[in-house]
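Chemist: In this note's numbering, the protein residues as written are 14 to 255.
For each residue, glycine too, the CB sits at the ideal point set by N, CA and C.
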Amino acid sequence: MTVFAADFEPFGTSHQLTLVVFFALLVPVVMIGRRVRGTDLEPTVSKGFALLIAAIMVPFHLAEMSPGQFDLGGSLPLQLCDWAWILAIPTLWTRNRTLCAISYFWGLLLTTQALATPALSHGFPSPEFFGFWAMHFLIVYAAIYLTWGLGIHPTWAGFRSTVAVTAGWMVTVFLINLAIDTNYGFVNRKPSNPSILDYFGPWPVYLGVEILLCAAVWALMTWPWTRRQQPAPRDATSQAAQ
14 MTVFAADFEP FGTSHQLTLV VFFALLVPVV MIGRRVRGTD LEPTVSKGFA
64 LLIAAIMVPF HLAEMSPGQF DLGGSLPLQL CDWAWILAIP TLWTRNRTLC
114 AISYFWGLLL TTQALATPAL SHGFPSPEFF GFWAMHFLIV YAAIYLTWGL
164 GIHPTWAGFR STVAVTAGWM VTVFLINLAI DTNYGFVNRK PSNPSILDYF
214 GPWPVYLGVE ILLCAAVWAL MTWPWTRRQQ PAPRDATSQA AQ
């Protein structure tokens, strides 16, 4: 397969090169965050990042909603990744700790799955190709920038908020799917093609399994940060002196 292919091939040339670009930019994103952390430049750079996401993603989604391109079952911004890029804008603008936690959990666990198993039909250089990768790159980069760059680490309160917001997304999308006969997020039924959901039981059991698995992994992603924040135990000498 050549790079300039009409159809996207998982782990083909364009996919591999895209992943190389993704990993190559991770360190610069972190370094930019660390360079501006705690300085007068931090709000400006963070807000500039938010505006960059809006400038790239809003036109892309407006194009998807245009006549001739609109698909009721796929064009509405109802997928969790859609919520993630939209959330990244106020998160970067405000650096609110709760929003940062949600971006961290959604970006590093859920969005990264699409990097390995992208749901793409058109390859390079189609607009769909660029829009798909731009969205997923920016979501992950925002989480990396905020967490390892600016040092805004997740807490157990942020973990609980993420579980609640994710459950809220699931209920909201489920009701919308019922109303317009779609299946965004596969919350109303499993995809027609084989997927990992086939191992999680029938509907609605697989939804509960998904939530439990995500919550368990997110807890593991929270623990190292909260463990560092705990005060070190006093040694025996200091305790005896009291």
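According to the neighbour-count rule (16 or more other Cβ atoms, all chains shown, within 10 Å of its Cβ), is Pro80 buried or exposed?
Modeler: As a working mapping, residue 80 is identified with position 67 in the sequence shown. Exposed, because fewer than 16 other Cβ atoms sit within 10 Å of the Cβ of Pro80.
Chemist: Between Arg240 and Thr160, what straight-line distance do the alpha-carbon atoms span, to the nearest angstrom?
Modeler: If you number the sequence shown from 1, residue 240 lands on position 227. If you number the sequence shown from 1, residue 160 lands on position 147. Their backbone Cα atoms lie some 16 Å apart in a straight line.
Chemist: Using three-state DSSP, classify Met14 as helix, strand or coil.
Modeler: In the sequence shown, the residue the question calls residue 14 occupies position 1. Its pLDDT being 40, under 50, Met14 is placed unreliably by the model, and the measurement read from it follows with that caveat. Residue state, collapsed to three classes: coil.
Chemist: Name the residue from Phe187, Ile193, Ala177, Trp146 whose alpha carbon lies nearest to the alpha carbon of Phe21.
Modeler: For the purposes of this step, residue 21 is identified with residue 8 of the sequence shown, where counting begins at 1. Checking every option, the nearest Cα to that of Phe21 belongs to Trp146.
Chemist: Near Ala63, which residues of its chain fall below 6 Å by C-beta distance, leaving aside the five closest residues on each side in sequence?
Modeler: Within the sequence shown, the letter at position 50 stands for residue 63. Around Ala63: Ile102, Leu105, Trp106.
Chemist: By DSSP's criteria, Asp53 is part of a beta bridge. Which residues make up the other side?
Modeler: Taking the first residue of the sequence shown as 1, we reach residue 53 at position 40. The partner list for Asp53 (beta bridge, DSSP) is empty, contrary to what the question assumes.
Chemist: Tell me which same chain residues have a C-beta within less than 6 Å of the C-beta of Phe118, skipping the five on either side of it?
Modeler: Start at 1 with the first residue of the sequence shown, and residue 118 comes out as number 105. Closer than 6 Å at the Cβ level, and outside the excluded window around Phe118, lie Thr175, Trp231.
Chemist: Just the Cα atoms here: how many angstroms apart are Ser59 and Pro215?
Modeler: Taking the sequence shown and counting its residues from 1, the one referred to as residue 59 is at position 46. Taking the sequence shown and counting its residues from 1, the one referred to as residue 215 is at position 202. Rounded to the nearest angstrom, the two C-alpha atoms are 43 Å apart.
Chemist: When the Cα of Pro72 is compared with those of Gly181, Phe143, Pro217, which residue comes out closest?
Modeler: In the sequence shown, counting from the first residue as 1, residue 72 sits at position 59. Pro72 has its Cα closest to that of Phe143, out of Gly181, Phe143, Pro217.
Chemist: Kindly give me the distance between the Cβ atoms of Leu32 and Ile157, rounded to whole angstroms, as I take these residues to be in contact under 8 Å.
Modeler: Residue mapping note: residue 32 aligns to position 19 of the sequence shown, counting from 1. Residue mapping note: residue 157 aligns to position 144 of the sequence shown, counting from 1. Leu32 to Ile157, Cβ: 15 Å. No contact.
Chemist: From this set, Leu112, Thr195, Tyr197, which residue's C-alpha is nearest Ile152's C-alpha?
Modeler: For the purposes of this step, residue 152 is taken as the residue at position 139 of the sequence shown. Ile152 has its Cα closest to that of Leu112, out of Leu112, Thr195, Tyr197.
Chemist: I'd like to know whether the C-beta atoms of Leu163 and Glu55 end up nearer to each other than 8 Å.
Modeler: For this step, residue 163 is matched to residue 150 along the sequence shown. For this step, residue 55 is matched to residue 42 along the sequence shown. Their beta carbons are under 8 Å apart, which means Leu163 touches Glu55 by this criterion.
Chemist: Pick helix, strand or coil for Pro84, following the three-state DSSP scheme.
Modeler: Taking the first residue of the sequence shown as 1, we reach residue 84 at position 71. The displayed chain sequence assigns Asp, not Pro, to residue 84. The answer is coil: DSSP assigns Asp84 none of H, G, I, E or B.
Chemist: So Leu121 packs on Met44, CB below 8 Å; how close in whole Å?
Modeler: Position 108 of the sequence shown, counted from the start, is the residue given in the question as residue 121. Position 31 of the sequence shown, counted from the start, is the residue given in the question as residue 44. Wrong, their Cβ atoms sit about 18 Å apart, outside the cutoff.
Chemist: Pick helix, strand or coil for Gly74, following the three-state DSSP scheme.
Modeler: What you label residue 74 is simply residue 61 of the sequence shown in a count that begins at 1. Here residue 74 is His; the residue named in the question, Gly, does not match the sequence. His74: helix per DSSP, three-state reduction.
Chemist: For Thr130 and Pro23, which I take to be in contact (beta-carbon distance under 8 Å), what is that distance rounded to the nearest angstrom?
Modeler: Position 117 of the sequence shown holds residue 130. Position 10 of the sequence shown holds residue 23. Right, their Cβ atoms sit about 7 Å apart.
Chemist: Alpha carbon to alpha carbon, how far is Thr57 from Tyr212? Give it in angstroms, no decimals.
Modeler: Counting from one through the sequence shown, the residue named residue 212 turns up at place 199. Counting from one through the sequence shown, the residue named residue 57 turns up at place 44. If I take the Cα positions, the gap works out to 46 Å.
Chemist: With DSSP as the reference, please indicate the residues paired to His166 in a beta bridge.
Modeler: Translated into the one-based positions of the sequence shown, residue 166 becomes position 153. Its beta-bridge partners do not exist; DSSP assigns none.
Chemist: Assign Leu220 to one of two classes, buried (16 or more other C-beta atoms within 10 Å of its C-beta) or exposed (fewer than that).
Modeler: Along the sequence shown, read from residue 1 onward, the residue named residue 220 stands at position 207. Flag for Leu220 reads buried.
Chemist: Please name the residue or residues paired with Asp20 in a DSSP beta bridge.
Modeler: Taking the first residue of the sequence shown as position 1, residue 20 is located at position 7. According to DSSP, Asp20 shares a beta bridge with His135.
Chemist: Helix, strand or coil: how does DSSP classify Gly25 here?
Modeler: Reading the sequence shown from its first residue, position 12 is the one you call residue 25. Under the three-state reduction of DSSP, Gly25 is assigned to coil, being neither helix nor strand.
Chemist: Give a yes or no on whether the C-beta atoms belonging to Gly171 and Arg110 are separated by under 8 Å.
Modeler: By 1-based counting over the sequence shown, the position of residue 171 is 158. By 1-based counting over the sequence shown, the position of residue 110 is 97. Contact flag set, yes.
Chemist: Let me know the secondary structure DSSP gives Val40 once reduced to three states.
Modeler: Taking the first residue of the sequence shown as 1, we reach residue 40 at position 27. Three-state DSSP puts Val40 in a helix.
Chemist: Residues in the same chain with beta-carbon distance under 8 Å from Leu65, minus the five sequence neighbours each way, listed in chain order, please.
Modeler: Position 52 of the sequence shown holds residue 65. Cβ-Cβ distances below 8 Å link Leu65 to Leu151 in the same chain, with the five nearest sequence neighbours on each side left out; the list follows chain order.
Chemist: Report the three-state DSSP secondary structure of Val200 (helix, strand or coil).
Modeler: Reading the sequence shown from its first residue, position 187 is the one you call residue 200. DSSP, read as helix, strand or coil, puts Val200 in coil.
Chemist: Using a Cβ-Cβ cut-off of 7 Å (strictly less than) and excluding sequence neighbours within five positions of Trp182, which residues of its own chain qualify?
Modeler: Translated into the one-based positions of the sequence shown, residue 182 becomes position 169. The residues are Leu93, Trp96.
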